[in-house]
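According to our numbering, the sequence shown is numbered sequentially starting from 271.
The structure appears below as structure tokens.
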Amino acid sequence: MKLKAVILNCTLKKSPEVSNTGALIDKVVALMKPLDVKSEIIRLVDYHIPTGVTSKQGKDDEWPKILRKIKRADIFIIATPIWFGVRGSIAQMVMERLDGTYEEADSKTGQFPLYGKVAGVIVTGNEDGAHHAAAT
Numbered sequence: 271m272k273l274k275a276v277i278l279n280c281t282l283k284k285s286p287e288v289s290n291t292g293a294l295i296d297k298v299v300a301l302m303k304p305l306d307v308k309s310e311i312i313r314l315v316d317y318h319i320p321t322g323v324t325s326k327q328g329k330d331d332e333w334p335k336i337l338r339k340i341k342r343a344d345i346f347i348i349a350t351p352i353w354f355g356v357r358g359s360i361a362q363m364v365m366e367r368l369d370g371t372y373e374e375a376d377s378k379t380g381q382f383p384l385y386g387k388v389a390g391v392i393v394t395g396n397e398d399g400a401h402h403a404a405a406t
């Protein structure tokens with residue numbers, strides 16, 4: 271059975287600029303490919319995603335389209351650079367927007383839309399707190 275992974279690249283660099291986070295994502299994708307995992311990489315700075323803590327923030331918000339892809343995936347990975355031991359602002363925004371899924375719990379089971387997903391974190395940066403950033 272082929273698995274689907276969605277990887278959110280939380281670099282601050284817009285396409286097609288090269289990013290260290292993107293380079294590390296490429297290595298992870300290469301490792302998952304022989305395991306029959308199909309990966310989709312989404313570079314979030316290339317989308318209009320307003321800040322907020324709901325699943326939809328107005329008509330121009332592109333987050334709902336990305337969230338649908340996350341919900342359909344088997345594996346969900348957030349890839350972020352860090353500065354001074356703290357995840358990047360785009361990754362923080364993802365965490366805040368994911369908070370909106372708590373409003374979408376299944377009325378019968380109480381389960382949230384991301385229940386049962388395999389999740390992971392890719393952290394790029396110097397040795398300035400990657401373990402801490404990945405854990406928070």
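All residues carry an ideal CB built from backbone N, CA and C; glycine is no exception.
Using CA coordinates, which residue listed in the options is at the minimum distance from residue i?
i      : options                        : result
Gly355 : Thr371, Glu332, Thr394         : Thr394
Leu294 : Leu305, Lys284, Cys280, Val307 : Cys280
Phe382 : Ala389, Val388, Glu373         : Glu373
Asn396 : Gly386, Val364, Arg357, Ala389 : Arg357
Val364 : Ser377, Val307, Ala349         : Ala349
Leu368 : Ile340, Ile352, Ser377         : Ile340
Val388 : Asp331, Arg342, Ser377         : Arg342
Asp316 : Trp353, Asp331, Gly386, Asp306 : Asp331
Leu305 : Met271, Trp353, Leu384, Ile352 : Met271
Below 8 Å on the Cβ atoms is my contact criterion, and I expect residue i with residue j to pass it. Report the Cβ-Cβ distance as a whole number of Å.
i      : j      : result
Asp344 : Leu278 : Wrong, their Cβ atoms sit about 15 Å apart, outside the cutoff.
Gly370 : Thr321 : In fact, because the Cβ distance is near 11 Å, the residues do not count as touching under 8 Å.
Ile238 : Val298 : For residue 238 there is no data in the structure shown, the boundaries of the chain being 271 and 406.
Leu314 : Ile347 : Going by Cβ atoms, the distance from Leu314 to Ile347 rounds to 13 Å, so no, they are not a contact pair.
Residue range of the beta strand (DSSP E) that residue i falls in?
i      : result
Lys308 : 307 to 313
Ile348 : 345 to 353
Leu294 : Segment 290 to 302 is the alpha helix (DSSP H) holding Leu294; no beta strand (DSSP E) there.
Ile392 : 388 to 394
Ile277 : 273 to 279
By a C-beta neighbour count over all protein chains shown, 10 Å radius and 16 as the cutoff for buried, is residue i buried or exposed?
i      : result
Val276 : buried
Gly380 : exposed
Gly292 : buried
Ser309 : buried
Leu253 : There is simply no residue 253 to check, as the chain begins at 271 and stops at 406 in what is shown.
Leu286 : Rather than Leu, the amino acid found at residue 286 in this sequence is Pro. Classification for Pro286: exposed.
Under DSSP, the alpha helix (DSSP H) around residue i begins and ends at which residues?
i      : result
Lys339 : 333 to 342
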